[in-house]
Each structure stands twice: as structure tokens, then as C-alpha cells.
Amino acid sequence: MESSITNTSTRYGWAMIVLHWVIGIIFVGQFVLGFVMMRIESQRTAFELIQLHKSFGFLLLGLIILRIAWRLGNIVPALPSSVGGLERQAAPLAHFALYLFQIALPLSGWALVSVSTLEIPSMPFNLFVMPNLPLAVSDAAESFWTAAHWYLAYAGIALVVLHILAALRHHFWLRDSVLARMITPSSGRE
Amino acid sequence: MHARILGLAALAACLAVPAIAAVALSDAAGSYTISPAASNIRFTIGKAGGGGFDGAFARFKGSIRIDNGNVERSQVNLTIFPESVGTGQNRIDAFLRSDAVFDSTNSPEIQFRSTNVTRTGDTTALVTGRLTARGKTFPEKFTAELSSLKAGTIKFHVTGKVLRSRYGMDVGTPIYSNVVNFDMTLTGKRG
């Protein structure tokens, strides 16, 4: 079957679909990695997991910038006509919030490593040195950004859970195309 | 033939040693105990993107023995207690003491035992020996320079590079260099 890279008025192209799932999987993986690395006994493993978490964080930031650019340059497929008025209003807000968190979470992590008094350089996947954000290093700033990163993560998890439940509701309860069209790309002829 | 050439070379080398060094050397001969109060063992590890972090060991002990007739038979022993590592940042110190790096609970001592001392100049020597850390032993070499010698006190400036990966301490590479630059001032008191 032919598939289109770009979106159409009713369907997503494969670029948007691939970005959605890759970002989604890394995002959930980052939540898991974040909790494990803070609780693990071995300091060595913790250090290595934290560096991995930073690497994926920078990758996420790059992917999400690409995703937002792609979305802004593409048509956003309309919701199926079966979707009711209240949901029609809530969905864009929820999606806007999801985008906001995808940007805010990696940025707050970047701020955290930038102000940390440990001054550990960031080297995504050991490939290159990522410069720090131009923020002053201090214990107070580190505490602030640590807290901010945690709260954003908790709120992000809540939002992702809401998003998954909504997708499942569309598929199994409302039996519309909302979840299916994020799996099968547009053929470009719809 | 070879033996004769070597013999001549040795004679020439002896004649070439300046008189001052010869005097200093015989003055220096003897056994010294390293005084931690007058000594320090510092190290620096480079960081990706520039800079690095510095640390020091506060507790160590050792001895220096300078052979009367033959400097090359001199000996240096040094024992460092890694529990005493200090970088000025408590979280980093705790990390260094943990099993991620020194594992100081199970490996409380880092030992250096010299095996050979080679003079490289009037006041300098290359000290080779065996370094043991976390149960692993490898040959290492350090450059020692005599800084001062007076009234039964001898002072050396010792520098050297050690690859930490060999001792199971490679955590953090390549963000932090594998090369540990040592810079020590070792002061020995006679007796």
C-alpha cells in the first residue's frame, strides 16, 4: 500500500506517525529510567543511567522540535464527525499541553544539569559535548530545577495517562478512527 | 669488545656527574619517613569540553630510602587511604569512596612500591614501581624532582599519570578523562 509522508485533511502521514510513536516510547522510557536511576543502590550504575537519561532527553528535545516544525508545516487532520462538542474543544487543549510538556521536561532537565554544583558535562551518547544553558551554578538553583523537573515529570505522567485512556476510549468505546489513524498512515488519496 | 665499550661509557658517566650532585647525594643518603603534615597528594582529571576536577588525599603514609652508594637502589613506598579523598564537594567525595570508584570499605589502601629508580638529571629521577588499587596491580612510573634537602628533611615534587581504567575505576569515561594526573609534594624526615 502506498503511504504519504505528509498529513491530509483526515489522516496523518507516516512522518507524523513515526515521530509520535518514537517520541511516545522514549518519553515513557524516560519516566521509567528517571525513577530507576534515582532509587538504584549502585552509585556506578546510577551515574551511568543518569547520563543515559540525559542523552535521551537531548534526543527527545531534538525530535520534539522537529515534530513541532513538521506539525506547523502540515495540515492537522480533522477529528471524525462523531466526536462531540466538549471533546472537540478539550482535545486541542490536551494536545497543546502535551506539546508544552514535551518541551518543558527536557528543558528543565537541561537547566538542572546546567546549574548543578556537580558540574558534570553533558555528552549525549558519548558523541559530543552539549554546552550548558547560560544559567548560574548554585545549590539553590539546583534544588529549584530538581523540584521543577520532578513536578513536571509527575504532571507529564498524568497527562500521558489521560492521553492513552482517551485513545483507548476512542478505539474500544466510541469505535472511531482516532487511534487507528495514528497507526496506519494516509495513502495520500483520502 | 662490548664490555669494554660499556665500561668506558660507565666511567665517562661517572666523571660527568657534577660534583654538587655528588655531594648532595651523599648528604641525602638515608631513610626517611614521609610526613603527611608537610606533604600533599593532589590529582586532576580532565573533563570533556575543558576544565577538570581536582582532588587530594588527606591521609597517607610512606617511606623513602636513598641508597648511599647507588641512587638506583633507592626505594619509595607509599600507602594512600582513599577514604580520605576530598574534592570540595561532598557528593563527589561520597561517589569516589563508593564502589563506583575506590570502594574504600573493601579496598582501604592504595599502595605504591618502587621497583627501580633511574636518575634522569642532577636532581631528577624516574621512579618505576607497582601500584595496587582495588586488588589490581600494574607497573607505573613517576617523575621525582628533589626540591630541597636540609637538616634531615628531604622534599620531592612527584608527578605522574595513571590510567584509572586498569584499576576498575573507569566510571564516567569519556566525560571524565581516563588519565589521572598526580602532583605530589612528599616531605621525608630522617629516621
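One line per chain: the protein sequences are D and V, in this order.
First residue of the first sequence? That's 3 in my numbering, and the numbers climb one at a time after it.
First residue of the second sequence? That's 83 in my numbering, and the numbers climb one at a time after it.
In this text, a Cβ means the ideal position worked out from N, Cα and C, and glycines have one as well.
Between Arg272/V and the set Thr205/V, Arg248/V, Ser247/V and Thr235/V, the nearest pair of CA atoms involves Thr235/V. Ranked by how close their Cα comes to the Cα of Val153/V, the residues Ser117/V, Ser113/V and Pro256/V have Ser113/V in first place. Taking a contact to require three or more Cβ pairs closer than 8 Å, the stretch 152-171 of chain V and the stretch 144-164 of chain D do not qualify as touching.
For Phe224/V, the pairing in a beta bridge is given by DSSP as Val209/V. Bounds of the alpha helix (DSSP H) holding Ser145/D are Asp141 to Leu170. Going by DSSP, Met40/D is part of the alpha helix (DSSP H) stretching over Trp16 to Arg41.
In the three-state reduction of the DSSP assignment, Arg177/D falls in the coil class, being assigned neither a helical nor a strand state.
With its beta carbon at least 9 Å from every one in chain V, Thr148/D lies outside the interface.
With a threshold of 9 Å between beta carbons, Asp181/V makes contact with chain D.
The three-state secondary structure of Ile123/V, taken from DSSP, is strand.
Distance from Leu231/V to Asp109/V at the Cβ level is roughly 6 Å; contact confirmed, criterion being Cβ atoms closer than 8 Å. Where Ile162/V is concerned, the enclosing beta strand (DSSP E) starts and stops at Gln157 to Ile162.
In the structure shown, Phe238/V adopts extended strand secondary structure according to DSSP, grouped into three states. For the 9 Å CB-CB criterion, Tyr258/V and Gly128/V form a contact. Each residue's CA atom was taken as its position, placing Ser156/V and Asp149/V some 5 Å apart. In this structure, the beta-carbon distance from Pro126/D to Phe60/D falls below 9 Å. Between the alpha carbons of Arg212/V and Asp185/V lies a gap of roughly 20 Å. Of the residues assessed, Trp147/D falls on the buried side of the cut-off, its CB having 16 or more other CB atoms within 10 angstroms. Not a single C-beta of chain D is nearer than 9 Å to the C-beta of Phe163/V. For Ser44/D, the closest Cβ of chain V is nearer than 9 Å. When the five nearest sequence neighbours on each side are left out, the beta carbons in the same chain lying within less than 7 Å of the beta carbon of Ala99/D are those of Leu161, in order along the chain. Between Thr8/D and Ser188/D, the gap from beta carbon to beta carbon is short of 9 Å. Taking the Cβ atoms as the reference, Ala207/V lies roughly 22 Å from Ile192/V, outside the contact range of under 8 Å. Contact of Met125/D with chain V by beta-carbon distance below 9 Å involves Ala130, Gly131, Pro256 and Ile257. One alpha carbon belongs to Ile27/D, the other to Ser179/D, and they sit about 21 Å apart. Residues of the stretch 147-177 of chain V with a C-beta less than 9 Å from any C-beta of chain D: Gln171, Arg173, Ile174, Ala176 and Phe177, listed in chain order. Between Val117/D and Ala138/D the beta-carbon gap is near 7 Å, inside 8 Å, which marks them as a contact.
The bridge partners DSSP lists for Ala138/V are Arg124/V and Gly168/V.
Just so you know, the alpha carbons of Ala96/D and Phe103/D end up roughly 11 Å apart. For Phe264/V, the enclosing beta strand (DSSP E) stretches over residues Tyr258 to Arg272. The beta carbon of Val117/D does not come within 9 Å of any beta carbon belonging to chain V, so the residue lies off that interface.
Around the beta-carbon of Ala182/V, 16 or more other beta-carbon atoms lie within 10 Å, marking it buried. Proximity of Val253/V to chain D, defined by a Cβ-Cβ separation below 9 Å, is satisfied. When C-alpha distances from Trp72/D are compared across Arg46/D, Tyr101/D, Ala168/D and Thr119/D, the shortest belongs to Tyr101/D. In this structure, DSSP gives Gly87/D a helical state, which the three-state scheme calls helix. The C-beta of Arg69/D has 16 or more other C-beta atoms within 10 Å across all chains shown, which makes the residue buried.
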